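Chains as they are written, first to last, in the numbering used here: chain F, 5 to 906; chain V, 41 to 207.
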Ligand code: SF4
Ligand code: SF4
Ligand code: SF4
Ligand code: FES
Ligand code: FES
């Protein structure tokens, strides 16, 4: 097969790679064609032929320790070799089932049975154990080949999340190697040697004291029942588990996962990554792996509640809908406000918008991940027309030559992104620059660490941009062709003298220069300019919380200036990537859950857009053209008597607000408050009607992750009690309010979204199931000698109206929505002097918890790993803020909240 | 020779620093084993606190250091006694009564194999290899010196004194 006939939908990742050479061979006489460098074992897998193995694992370097994967290989002559580390060659003949082969494999498996207890009846792994399977397929006949007493170990706990039963260990080393190579934690060790070897934490300490991040990957990859999941242990038999693919409900990485539900009891028993098809490879973080327990907590709301004589009492859905429909009909326009949830599906947020804008006629609509300020001041939208992250995760891992991370602890906000970036940095030698007031886990592998003063992000980024301009390493051609405002920007850049930036940021001048040059030249140095006047690609990555804080737009402008100056926009491996934090933060915005945005990031002031919506929604009334109030402004709106009724879906402003007391007062002053949630949150406690909603595991829909990838959420279990999916509640409510039965399935809403939201045009449920394919390079024997492998990735990245079935991997490759981008000057010295006793602080959130902990706080395993969110403090801040010397803090705000002791 | 246990004091840090300094400019991974020899000699084990410092300064994961420490018989993660006896249980010594020697030593000290007496005087271990000195069977190794053939009484007598304390 010709290299270029390789079917490569989703080939954005490929665009930089040179041709891939294909190799033809036969496996068990079946012809197979795979990319050069593929190991025989994977080639066989592609041909549907399974070869027993223990120590290979798709993303790891081959290890060759277990010898179970022996096959017969005929090239010039015949030989026996391990298939996991032998690359294919042209004309090779491989036999995997011959008697010789099976005998060799059986010998290797029998060797493992010398000490293995074969205690399958009480082992969690039974039924899905590689040792069971391989012993069976290789027809092992003896369980104790040496007939000597087997060594035996008791169950031991390595941490609150990981257990070990060492006598079941086959010493494949997968756990040690994934923890090192894929997670970057190096928390697990080989102890002793030879047959006495065992797996342990360093110096036998509690894993929790180690760099372990409780991601569960070691448990998931253990081929036998040696490493065990504490929360799954002894709770289910694998063969009773139904496995449902879905997407994680926590952060913007949007990991693909499988929920394992026990038939019969219908309860979630565990979650695994399982599929290789997601952006997460086979990885999850602690939240994804252990964060399902809230679904089955006792205090889930199981029936609608209505306030009678001051008390919330159970009622029927019929009565609840009746009350809500009737009471809501008493309010209209700006008297009403709605708060949507960034953890809700696109379908739900879209319907919620329809209720608030279309039915209630109000633009007072916001969601809980927009810093409460209605994300009005997003700098990136001003510069580029959208604030969405530009490049795909995988593209950054595979193509970036330099990555700048600023003001973010991605290891807590976007854990699996950080794990995979870590791997890419170590394997591909990406130049990583971490700018943060306090060290973060990724600092350890950074080429440069810029420890800047609190609040100096804008000076730092704009200062680096000024250095790039001054040194003449900017991409002049790109600026000329695609960017406006260069002259004005250059004038402002004069204000950024190296000395001034150094003293404002606290980063030494020499470091600033090195960082600017390293990043701008993609690590290639000032002489490394390639064709078209561009250096190798470099990306900027930060948590969108940074864009949302006070003055965040100046940070966005700075990041945009860096990228535009260097032509790092619209090409693979580049981009300004401000990652939404919540799993559907991007989707909530796309669905128009912001006071001034209609679905599709279209302005409410855009008459054409309003017109279209009115038509699709079948309204006889005009949509309001004035932007409404943001979440933060809503409090004042209630206080001044404007807002009288409110509907809150899946968010908890009474706790999450920067000023919870004031928000709570405002909420209790409302004439009518409806709260739709899974739990009786402090917000729900103030409601007049509480509608019990399902968790994400109990419903269908879609989430859009932080790289614009729309992915399917699938119902894994039945609703708890009488709770209903939010979209069903909204649909039935609309019906009660006289709008007819609009949607039978969540897919019907998606169809409507695809017809209304331009970026979602072309999305169909079927297309989301379809797999795009990327070619990924896997590490070969040595990192620099990779083997190549094709895998699919699920979901579609918007704009979806593309020939490529997987959508748009890199934004702005064909230009900007408004034709040209615009450099926006930022005057130097934005790190404003603070008043006495006022300190700026960057507080990174915890890996184990999210938001107000409505979900994570109800997961006993996560709570046992980390009871409270602990705050890191930089030295400067630590001195100034007395509270920070206290043991634990709680951040009760969005991005600029106040701190209270707990 | 007076040898200390690790308390993480200034003095400990200075000593470890001095040992690490000898490897300046050399590859950390290659220097690890020789460095651990110095540490083991000084402290009779590889203190976790020392390993942490080595890990931080030389950027070697704790797990790798732990792996090396437990892999090689020359290193231990627990403090060993001031005196070390290893009893050969190779074939020749075994037939000549190694188990009696072991029982005598362990009973006299009231410990098990691979344990250290509470006063830190003795550690007794089994040599699971042959010393290649079978003509001396049954033999024991005491503080790097081979002694044999020995009787159970002689072994019990040996451990009652503490050679390293006699200085
Ligand atoms: S849970 Fe994750 S970080 Fe912890 S030891 Fe296992 S693989 Fe490593
Ligand atoms: S604990 Fe499991 S993954 Fe780790 S070496 Fe043993 S068998 Fe392999
Ligand atoms: S919280 Fe984020 S990183 Fe963790 S599993 Fe979920 S989507 Fe992935
Ligand atoms: S899988 Fe090939 S040697 Fe273990
Ligand atoms: S068996 Fe003890 S020295 Fe050979």
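Positions of the beta carbon are idealized from the N, C-alpha and C atoms, including for glycine.
Note that the structure is predicted; figures quoted are calculated from it, not measured.
query                                                                                                                                                                            : result
Check residue 62/F in the structure and name its three-state DSSP category.                                                                                                      : coil
Along the segment 187-201 of chain F, what residues have a CB closer than 7 Å to any CB found in chain V?                                                                        : 190, 191, 192, 193, 194, 195, 196, 197
What span of residues does the alpha helix (DSSP H) with residue 480/F cover, start to end?                                                                                      : 480-486
In the segment 109-132 of chain V, which residues sit with their C-beta less than 7 Å from some C-beta in chain F, listed in chain order?                                        : 110, 111, 117
Could you pull out every unbroken alpha helix (DSSP H) segment of at least 4 residues lying fully inside the segment 597-626 of chain F, listed in chain order?                  : 611-621
Using only the heavy atoms of ligand 3, determine whether one of them is closer than 8 Å to the beta carbon of residue 642/F.                                                    : no
Using only the alpha-carbon positions, how far apart do residue 586/F and residue 492/F sit?                                                                                     : 36 Å
Can you name the residues of chain F whose CB is closer than 7 Å to the CB of residue 103/V?                                                                                     : 190, 191, 192, 193, 206
Tell me which residues pass a beta-carbon proximity test against ligand 3: closer than 5 Å to any heavy atom, given in chain order.                                              : 252/F, 254/F, 255/F, 257/F, 259/F, 288/F, 289/F, 291/F, 292/F, 419/F, 420/F
Any contact of the segment 745-757 of chain F with the segment 267-280 of chain F, i.e. 3+ C-beta pairs under 8 Å?                                                               : no
Can you give me the Cβ contacts of residue 869/F inside the same chain, cut-off strictly under 8 Å, excluding the 5 residues immediately before and after it?                    : 163, 164, 165, 212, 218, 290, 294, 852
Using 9 Å as the limit for Cβ to Cβ distance, is residue 155/V near chain F?                                                                                                     : no
Buried or exposed: which applies to residue 516/F, given that a residue is buried once 16 or more other Cβ atoms fall within 10 Å of its Cβ?                                     : buried
Checking the sheet assignment: what are the DSSP bridge partners for residue 273/F?                                                                                              : According to DSSP, which records beta bridges pairwise, residue 273/F is partnered with nothing at all.
Whose CA, out of 135/V, 78/V, 93/V, 196/V, lies closest to the CA of residue 176/V?                                                                                              : 135/V
For residue 41/V, count neighbouring C-beta atoms within 10 Å of its own C-beta (all shown protein chains included) and say buried if the count is 16 or more, exposed if not.   : Confidence in residue 41/V is poor, its pLDDT being 39 and thus under 50, which makes the residue's placement unreliable; the coordinate value appears in the next sentence. By the neighbour-count rule (16 or more Cβ atoms within 10 Å), residue 41/V is not buried but exposed.
For residue 57/F, verify whether its CB is less than 8 Å away from any heavy atom of ligand 4.                                                                                   : yes
With a threshold of 8 Å (Cβ to nearest heavy atom), would residue 121/F be considered close to ligand 2?                                                                         : no
With 9 Å as the limit, tell me which residues of the segment 207-240 of chain F have their beta carbon closer than that to any beta carbon of chain V; keep them in chain order. : 207, 208, 209, 214, 215
Can you find a heavy atom of ligand 1 that lies under 8 Å from the Cβ of residue 217/F?                                                                                          : yes
Is the CB of residue 45/V under 9 Å away from at least one CB in chain F?                                                                                                        : no
Cα separation between residue 252/F and residue 533/F?                                                                                                                           : 41 Å
Applying the criterion that 16 or more other CB atoms from any shown protein chain within 10 Å of the CB defines a buried residue, is residue 169/V buried or exposed?           : exposed
DSSP three-state label for residue 874/F, please.                                                                                                                                : Note on residue 874/F: pLDDT 45, under 50, position unreliable in the model; the coordinate value appears next. Residue 874/F: coil per DSSP, three-state reduction.
Quick one: is residue 176/F buried, meaning 16 or more other Cβ sit within 10 Å of its Cβ, or exposed?                                                                           : buried
How should residue 11/F be labelled, buried or exposed, when 16 other C-beta atoms within 10 angstroms of its C-beta is the threshold for buried?                                : Here the model assigns residue 11/F a pLDDT of 31, short of 50, so the residue's position is not dependable and the matter cannot be decided.
Is DSSP giving residue 741/F helix, strand or coil here?                                                                                                                         : helix
How close, in whole Å, do the beta carbons of residue 132/V and residue 97/V come, if the pair is a contact with beta carbons under 8 Å?                                         : In fact, because the Cβ distance is near 46 Å, the residues do not count as touching under 8 Å.
At 3 residues or longer, what runs of the beta strand (DSSP E) sit wholly inside the segment 392-472 of chain F?                                                                 : 406-410, 435-439, 452-454
By DSSP's criteria, residue 649/F is part of a beta bridge. Which residues make up the other side?                                                                               : 340/F, 676/F
Name the residues in the segment 82-95 of chain V whose C-beta lies less than 8 Å from a C-beta of chain F; which are they?                                                      : 88, 91
Counting only beta-carbon atoms, is residue 363/F nearer than 9 Å to chain V?                                                                                                    : no
Please check if any C-beta of chain F sits within less than 9 Å of the C-beta of residue 107/V.                                                                                  : yes
Output the residue ranges of the beta strand (DSSP E) runs that lie fully inside the segment 197-275 of chain F and measure 3 residues or longer, sorted by chain position.      : 202-205, 231-233, 245-251, 260-266
Whole angstroms is fine: what's the gap from residue 445/F's alpha carbon to residue 215/F's?                                                                                    : 9 Å
So with Cβ pairs under 9 Å, would you call residue 429/F a contact of chain V?                                                                                                   : no
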